[in-house]
Amino acid sequence: MYQIDLHIEMLEEGNFHTMVIGSLDGLRMRMVLDTGASHSCIDAEIAKTFFPDLSISDADGVNAGIGGNDFTVQMADFPNFQLGEFKLSILRHLPIVDMTHINYAYRMLEKEPVQMILGNDFLIEHKAIINYKDNKLYFM
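Residue 138 in our numbering sits at position 130 of the sequence shown; the count goes up by one each step and never skips.
Spelled out as structure tokens, the structure:
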């Protein structure tokens, strides 16, 4: 079992995000742990800037989320994903989305930007257990 520290960040009074810190190919990633998100994703600007040689494909199906009802999503495989001691050599089919609106809100709240969202796809696949009492995330 792997154990990762959770960071509960207050955005405004009564408004919180659960954060984890990890990396992709050695690049530090600040991630929102979002049990309401169907899919994990990475910010398009980060993907374009730090991973310019990735093979990118369009995602099939209907895409919906905060900020819009229908938008184009591209996907790619990213190398060397790590959360603490939990490591994956490849993070497969990670959607690449524009997170400008999310990071704009973070800047308005004087918070550090986020580069990824860890959603239910990742949490379920890796049998995650979220322990808010001890601020820990566990993977089986």
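Even glycine gets a Cβ: it sits at the ideal position worked out from N, Cα and C.
> Hey, V28 and L117 are a contact pair by Cβ (cut 8 Å); roughly how many whole angstroms apart?
Replying inline: Contact doesn't hold; Cβ gap of about 19 Å is too wide.
> Who does S31 pair with in a DSSP beta bridge?
Replying inline: For S31, the pairing in a beta bridge is given by DSSP as R36, Q90.
>> Suppose the cutoff is 6 Å on Cβ atoms and the five residues either side in sequence are ignored; what does the same chain contact list for Q11 look like?
In response: K144, Y146
>> For I125, list the residues DSSP reports as bridge partners.
In response: V40, C49
> Is A45 near L62, with beta carbons less than 9 Å apart?
Replying inline: no
>> For a test of the three-state rule: what should DSSP assign to H109, helix, strand or coil?
In response: helix
> At which residues does the beta strand (DSSP E) containing K144 begin and terminate?
Replying inline: 144 to 147
> Taking the C-alpha atoms as reference points, what is the distance between V70 and V81?
Replying inline: Note that V70 scores 46 on pLDDT, short of 50, meaning its location in the model is unreliable and no value can be drawn from it.
> DSSP state of K56, grouped into three classes?
Replying inline: helix
> Less than 9 Å separating the beta-carbons of L102 and I50?
Replying inline: yes
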